[in-house]
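Asks: Input: one structure, supplied below.
Numbering (my numbering), first residue to last: 2 to 1063.
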């Protein structure tokens, strides 16, 4: 029997406890009007290894890193103790060797099962997050079935050995649990629903506050609430290891229940005691909920409803539906069912990181928020602090790059998102070309000029409590906070809640919220163009309006700045030059009037007005800054902000004057886009400071192209210009604008593009036809910088300053990112094919696994290049199969037209096609990386690590789109809006009926009928003969134009059948 297999959309692991350990999680989807919980599980013990509410520090069950979770889940996780006729056993415990166990993974739940022939019992447990309630909970359904032919009398104890009271922070518990137990308290025992919370805050400060909120433990069986055991000593007696329930094993439930319980100065537990009489083949079921509520009264008020027959059955069905309603956006039916399910899982994981776009209102009066998102933190990413707002309309935190990438395809699924993502991420680009790291949940606030109208509306819609709501609305709020206020105060509305929220938000400004975080990465900006391109695939007729029409694009203003070379080029102890301390916190800026510390700030002019401009002006600004940041050889974009590009583990590169070709390749794409789009308008207004930098850079670029300025001198001078610019815009702008002719701008940017292309050619030449990814620069000539008094100038970093006079270029070993980005920008198929062959012949290609590693061997580079060098080969970012980058490479192959090669490659690289026993977890779920054959441990080659939330999900959605509809989607033609159906599917993707279907724009099912047996790409491809709409309209060829195309985009046509010719 296989250990791993698919059953419908459920993924099964037989004898899971004997398989390699892995970590994953429930998505926590509780519906738009539900309270999400975070829940992590592993294939050890009874599955759940940690869960909680809001964020990492609000753990109900202690959060543990994966390696620790694998060790202790069976002990510290959920436990089930059973006595039968004086004998004792514990299902799912590792000591039992003759039981059959199974792990079943669904999208929004999971199950475990043990069949114990010796005890003649089957224990089946299902976990899911409680949906569509104003309290959060992990629901645990326990089913015990008597397999014998005779009746069985059972005593059962089921629950958790430890529950951290609310207010006890996970990180503090790990360090000071002995002290913190002094604050532990339990209320509501009289109602059989213990309510666990700290008595007060535990901070050592003069300000002490009560803790508001608490965790509860609730079990219901046969329509009754069961009294809970909350003192672990009543169960385990002297065994403080929790290995054996000593008292229960020796004295049974009678001994446990007779023991007087005390919660003082203890970390409490939660166990459900049950006496069960089971007739032959009968099943006994009970439910436990462990979760959070604002007050004990909140949970008590729901007990009557929860005791009703069918309550939990309905909630379990709703939990599944919450997920299915969202993932149906990408429903796909092909001849490869594994792929179809995999797309749905990837779509779900994509919006769990980037957010699911939800739109309030319509047309010009709409607001977009992204639901269900969270920063990717979990037991395998124990270094990240994650947050999932425990409220209705839940939003979470995320990093700029992650959220940006994972929203790339939003418009393919919800056209109502419009230009929201474009505007969000371009506004977050600062005038110096950098951006904040943290993207926070959007907030709303009633506009000053709308306060009277909002007040009148609230008096009508919520006549009894309008003042409470108005007070909330005058401060920054989230839709979830408003919905929570309605629930908390039982506010009665005269209209539906949906109508109420939509109308209230119409009086508000939506505030994009962000925070500087910890640094400036060199690559974050280069994901923005994808957002524009995908917007124009859906709204091609709005290009001019997008780029030139909206003049309200702002500039984010960070409390950090990049230092000039004179303050960050330092001489280290061994007498060499490095770039250290590139970034400083700008205290002087933070102390300026109006600057909000730790808040969201926008650049202003001298008059105190927000600086606003067009998207085109921001694109020109961004292109100019990045062009001026090319390295001394004019090849890569410098990592002058102190952080590397996509590969964080190359953290030493900024210190070595590192630069990256991926960013240069994206700069090329951006310049080409801007140059092409400038034809749409005659003039562009630029801030005076940007204009001056553009003109001065143009003059230097002309001298470089004419050969009157050396490459190094050009770099030195243009870097000085950029430093002067940063100094000029540090606090504010002058406020003046200069109108430039677009023809003049095109001329300037075309000269920039020529220099960029020259640098790309130089880099490719250095790589002997292969595109390098990274360069470092060794200062082979430099001088110390002296003060006016002739003393050493000491930099803010604390080392003497130095000035570089010349650099020696060092090309690092080949990484996959360079070729992946190059393929995406290469228009010549022959060139792309040649590069692909070189990659397969290089050390990047893992010949054993037939996959693509992050890089070739790094054994011979120095530790100074970054922590990547210290990692074990084939692990984390070092020479592993980093799925996001491998998928980016595959997507690049598509964009370069290498379709035959692409479909050959995915047979060994796409997760659903991997051998499950090798991958070691569900082949419907992505991993961050796969251990490559470079790893010294042969047993883990091909195994996936670090669960799910990665950029790989957006790459597979992009690939899916290219496969099923093609690159163009909608274009604006003389005959009007035109939809292009250009699928690139191999013959083996069609099912037995020779059909393949997918969901377009979340609502239109497009079915391809291909009786030819040929692929839909290549020289021998099948061609589309005609299309039939659901109303029977016949359209010849593969293009749909005019009103029919508009109807498809608007969502009024729900079905298309596309026929390929014989």
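Positions of the beta carbon are idealized from the N, C-alpha and C atoms, including for glycine. Bear in mind the structure is a predicted one, so any value in this text is a computation, not a measurement.
Give every residue of the same chain whose Cβ lies closer than 8 Å to the Cβ of residue 205, excluding the five residues on either side of it in the sequence, and list them in chain order.
Replies: The pLDDT assigned to residue 205 is 47, lower than 50, so where the model puts this residue is not dependable, and the model offers no usable value.
Asks: Does DSSP put residue 876 in a helix, in a strand, or in coil?
Replies: Here residue 876 sits in strand by DSSP.
Asks: Between the segment 292-303 and the segment 192-199, do three or more beta carbon pairs fall short of 8 Å?
Replies: yes
Asks: So, residue 777 versus residue 657, is the Cβ gap smaller than 7 Å?
Replies: yes
Asks: For residue 510, write down the residues that DSSP places opposite it in a beta bridge.
Replies: 446
Asks: With residue 518 as the anchor, note down where its beta strand (DSSP E) starts and where it stops.
Replies: It is not in any beta strand (DSSP E) - residue 518 carries neither H nor E in the DSSP assignment.
Asks: Going straight from the alpha carbon of residue 214 to that of residue 67, what length do you get?
Replies: 29 Å
Asks: Just checking my contact of residue 1040 with residue 980 at CB under 8 Å: how many whole Å lie between their CB atoms?
Replies: 7 Å
Asks: Using only alpha-carbon positions, find the residue among 1047, 932 and 916 that is nearest to residue 971.
Replies: 1047
Asks: Is the beta carbon of residue 605 sitting closer than 7 Å to the one on residue 733?
Replies: yes
Asks: Residue 1052 to residue 349, Cα distance in whole Å?
Replies: 22 Å
Asks: Just how far apart, CA to CA, sit residue 647 and residue 27?
Replies: 27 Å
Asks: What residue range is occupied by the uninterrupted beta strand (DSSP E) comprising residue 103?
Replies: 101-106
Asks: I'd like the span of the alpha helix (DSSP H) that includes residue 1007, first residue to last.
Replies: Premise fails: residue 1007 lies in the beta strand (DSSP E), 1005-1010, not in any alpha helix (DSSP H).
Asks: From this set, 867, 762, 834 and 907, which residue's C-alpha is nearest residue 813's C-alpha?
Replies: Nearest C-alpha to residue 813: 867.
Asks: Quickly, what does DSSP pair residue 199 with across the bridge? List them, please.
Replies: Paired residue(s): 185.
Asks: Rounded to the nearest angstrom, how far is the Cβ of residue 561 from that of residue 628, given a contact under 8 Å?
Replies: In fact, because the Cβ distance is near 23 Å, the residues do not count as touching under 8 Å.
Asks: Which residues in the same chain have their Cβ closer than 6 Å to the Cβ of residue 1014, if we skip the five residues on either side of it in sequence?
Replies: Within the same chain, residue 1014 has close Cβ partners 988.
Asks: Could you check what DSSP says for residue 772 in three-state terms: helix, strand or coil?
Replies: coil
Asks: To the nearest whole angstrom, what separates the beta carbons of residue 362 and residue 503, a pair I think is in contact under 8 Å?
Replies: 5 Å
Asks: Should residue 738 be flagged as near chain D, meaning a C-beta pair shorter than 7 Å?
Replies: Among the chains in the structure shown there is no chain D, since it carries only a single protein chain.
Asks: Measure from the alpha carbon of residue 344 to the alpha carbon of each residue in 1030, 994, 1017 and 956, then state which is nearest.
Replies: 956
Asks: Note the first and the last residue of the continuous alpha helix (DSSP H) segment covering residue 562.
Replies: Per DSSP, residue 562 belongs to no alpha helix (DSSP H); it is in the beta strand (DSSP E), 561-563.
Asks: Per the DSSP calculation, residue 128 is bridged to which residue(s)?
Replies: 111 and 141
Asks: Does the segment 628-640 come close enough to the segment 659-672 to have 3 or more Cβ pairs within less than 8 Å?
Replies: Cβ pair count under 8 Å is three or more, so yes.
Asks: From this set, 961, 126, 585 and 55, which residue's C-alpha is nearest residue 104's C-alpha?
Replies: 126
Asks: Classify residue 688 as helix, strand or coil using the three-state DSSP reduction.
Replies: Strand at residue 688.
Asks: In whole angstroms, what is the alpha-carbon distance linking residue 1044 and residue 973?
Replies: Rounded to whole angstroms, the gap between the alpha carbons of residue 1044 and residue 973 is 12 Å.
Asks: What separation, rounded to the nearest whole angstrom, lies between the Cα atoms of residue 952 and residue 666?
Replies: 19 Å
Asks: Out of 654, 536, 478 and 614, which has the shortest C-alpha to C-alpha gap to residue 968?
Replies: 536
Asks: Mapping DSSP to helix, strand and coil, what is residue 123?
Replies: DSSP places residue 123 in strand when its eight states are reduced to three.
Asks: Quick one: Cα of residue 252 to Cα of residue 260, how far?
Replies: 11 Å
Asks: Check the DSSP bridge columns for residue 784 and list the partner residues they point to.
Replies: 804
Asks: Identify the continuous alpha helix (DSSP H) that holds residue 425 and give its terminal residues.
Replies: 421-428
Asks: The alpha helix (DSSP H) that contains residue 487, what's its start and end?
Replies: 480-489
Asks: Taking the alpha helix (DSSP H) that residue 902 belongs to, which residues open and close that run?
Replies: 900-910
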